Amino acid sequence: MQRQMVSWAGMAHLLFMAIVALAGFAAAPSYAVSPVIAINDEAKKAVVQAQPLRGDLSVLEGSGGNITVLNSPKGKFLVDGGIAYSKDSIVQALQTISNAPPLFVVNTHYHWDHTDSNAWLHELGATIIAHPNTLKHLSTSTRVDDWEFTFPPAPAAGRPTVLVSKTKTMKFNGTTIRIAYYGPSHTDSDLWVYFVEPDVLATGDTWWNGYYPFIDNENGGSIDGMIRAAKENVQRVTEKTLVVPGHGPVGGRAELIEYRDMLIDIRNKVAALKHQGKSQAEVVAAKPTAAYDRKWGGFVINPDFFTRLVFDGLPTTSK
Ligand SMILES: [Zn+2]
1 MQRQMVSWAG
11 MAHLLFMAIV
21 ALAGFAAAPS
31 YAVSPVIAIN
41 DEAKKAVVQA
51 QPLRGDLSVL
61 EGSGGNITVL
71 NSPKGKFLVD
81 GGIAYSKDSI
91 VQALQTISNA
101 PPLFVVNTHY
111 HWDHTDSNAW
121 LHELGATIIA
131 HPNTLKHLST
141 STRVDDWEFT
151 FPPAPAAGRP
161 TVLVSKTKTM
171 KFNGTTIRIA
181 YYGPSHTDSD
191 LWVYFVEPDV
201 LATGDTWWNG
211 YYPFIDNENG
221 GSIDGMIRAA
231 KENVQRVTEK
241 TLVVPGHGPV
251 GGRAELIEYR
261 DMLIDIRNKV
271 AALKHQGKSQ
281 AEVVAAKPTA
291 AYDRKWGGFV
301 INPDFFTRLV
311 FDGLPTTSK
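Going left to right, the sequence shown walks through residues 1 to 319 as the working numbering numbers them.
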C-alpha cells in the first residue's frame with residue numbers, strides 16, 4: 001500500500017513540477033508570466049486525489065502543496081488546504097475519505113499554495129490555525145520579487161483565528177496533535193504538525209522531498225534557517241515516522257537526512273565562494289550545486305535559481 005502511494009504521489013508531483021517548469025519557474029526572473037499565475041491556471045484543472053497514509057490519515061496531492069488529512073466521524077483536521085481554484089476537486093477528494101466536514105486547518109506557512117483555500121474551508125466550518133506571521137502576511141499585501149508577484153490580502157474568512165507562536169497541543173478524536181514553530185526557515189511563519197499516535201509528521205515547506213526548495217529570503221527565510229529546520233526534522237523522527245513534505249512524495253528519516261546533508265554541503269560551498277568576494281553571478285557560474293543537480297535540480301527550483309537563493313540568504317560576513 002505504501003509503495004503504491006509513494007509511486008502515485010511521485011507521478012502527481014512530476015506532473016505538477018513539469019507544469020511549473022514549463023511556466024518558467026525554473027528560469028531566472030524575469031518571467032513572461034508570474035509562476036503564481038501559471039500555477040493558478042493549472043490548479044483550475046487539477047485532479048486532486050486522496051491517498052491513504054496510516055490509520056485515519058491521508059494525503060491529498062495535486063493542488064499546490066501537499067494536504068494532510070486526519071479523518072474522524074465528527075470532522076476532519078487538515079494540514080494546509082491547497083489552491084482555491086482546485087476547490088471542487090479538493091472537496092471531491094475529501095469526500096472519498098468521508099462526508100465529515102473540515103473542522104480545523106493548520107497553515108504550515110503563509111504561501112498561497114498552502115493557504116489559498118482557507119476561506120472556503122472556513123465557510124464549511126473549519127477553524128484556521130497558523131503562526132502570527134501567517135496572519136500578518138494574509139492581512140496585507142506581500143511582495144515576493146523572486147516570484148514577481150504581489151499576494152493580495154486574504155479575505156477576512158481566510159485569515160487564521162487561532163495563533164501558534166511557539167507550541168500548541170490538541171486532542172482530536174483521540175489523536176494527540178502537536179504544533180510548533182520552527183523559527184524563521186522557509187519563511188518567517190513555518191509550523192510543523194506531528195500526529196503523535198500515528199507517528200506522522202507534516203513539515204510544510206521546510207522539506208521538499210527530492211527537489212531543491214524555494215527559500216523566501218524576502219520574508220524571513222534563509223538557507224541557514226532551512227538547515228536548522230532540516231536538522232530539527234531529523235531529530236524529531238524515528239525510522240518508523242512517516243513524513244509529509246510540503247512538496248514531493250511522502251518519505252521518512254533517511255530522505256530527511258539526505259536532504260539535510262545536501263543543504264549543508266551546498267550552503268558551505270556557496271558561503272566559501274561568497275567569502276572570497278565573488279559576486280552572485282560568479283558564484284552561479286562556479287556551479288557549486290553540480291554534484292547534486294541530477295537528483296535535486298530537475299524541476300521547480302533549478303540549480304542556478306537555488307544557488308541564487310542560497311547566496312542571497314547568506315549574511316555577507318558568513319564563512
Ligand atoms: Zn512555501
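Think of the CB as a built atom: it goes at the ideal place given N, C-alpha and C, for glycine as much as any other residue. In this text the structure is predicted, and so the values were computed from the model without any measurement.
- Put simply, the backbone Cα of D188 is about 9 Å away from that of E218.
- Given a length threshold of 3 residues, each whole run of the beta strand (DSSP E) inside the stretch 234-277 is given here in chain order: 242-247.
- Straight through space, the alpha carbons of K166 and G65 are spaced by roughly 23 Å.
- The Cβ atoms of G313 and I223 lie closer than 7 Å to each other.
- For F214, the secondary structure class from DSSP, reduced to helix, strand or coil, is coil.
- Exclusion of H131 from the 6 Å shell around ligand 1 follows from its C-beta lying no nearer than that to any non-hydrogen atom of the ligand.
- Secondary structure at P101: coil, using DSSP grouped into helix, strand and coil.
- In the same chain as I257, and ignoring 5 residues on each side of it, the C-beta atoms closer than 8 Å to its own belong to V234, in chain order.
- Under the three-state reduction of DSSP, R159 is assigned to coil, being neither helix nor strand.
- Within the stretch 116-155, the runs of beta strand (DSSP E) that reach at least 3 residues and sit entirely inside it are, in chain order, 127-130, 142-144 and 149-151.
- In this structure, the C-beta of D205 approaches ligand 1 to less than 6 Å from one of its heavy atoms.
- Between ligand 1 and the CB of H111, the shortest heavy atom gap is smaller than 6 Å.
- Counting only residues of its own chain and dropping the five nearest sequence neighbours on each side, F214 has a CB closer than 6 Å to the CB of I301.
- The continuous stretches of alpha helix (DSSP H) do not include A46, and DSSP gives it neither H nor E.
- Collapsing the DSSP output to three states places N71 in a strand.
- Secondary structure at T206: strand, using DSSP grouped into helix, strand and coil.
- In the structure shown, S86 adopts helical secondary structure according to DSSP, grouped into three states.
- Sorting W208, D145 and V237 by C-alpha distance to the C-alpha of S34 places D145 at the top.
- With a cut-off of 8 Å on Cβ pairs, the stretch 67-81 is in contact with the stretch 163-179, counting three or more such pairs.
- Counting the other CB atoms within 10 Å of its CB gives P152 a total below 16, which places it among the exposed residues.
- Its Cα nearest to that of Y211, the residue F305 stands out among F305, D80, V106 and K44.
- Restricting attention to N99, K45 and L263, the CA atom closest to the CA of H186 is found in L263.
- Taking a C-beta distance under 7 Å as the contact criterion, S63 and S98 do not qualify as a contact pair.
- Where T307 is concerned, there is no enclosing beta strand (DSSP E), although the alpha helix (DSSP H) around it starts and stops at P303 to G313.
- In the DSSP assignment, A180 falls within the beta strand (DSSP E) that extends over T175 to Y181.
- For M170, DSSP records a beta bridge to I177.
- The bridge partners DSSP lists for W112 come to none.
- Between H111 and V164, the CB-CB gap reaches or exceeds 7 Å.
- Under the three-state reduction of DSSP output, K76 falls in the strand class.
- The C-beta distance from T127 to V162 rounds to 6 Å, short enough to meet the 8 Å contact threshold.
- Rounded to whole angstroms, the separation of the alpha carbons of Y259 and T176 is 28 Å.
- If you draw a straight line from the Cα of N268 to the Cα of Y182, it is about 22 Å long.
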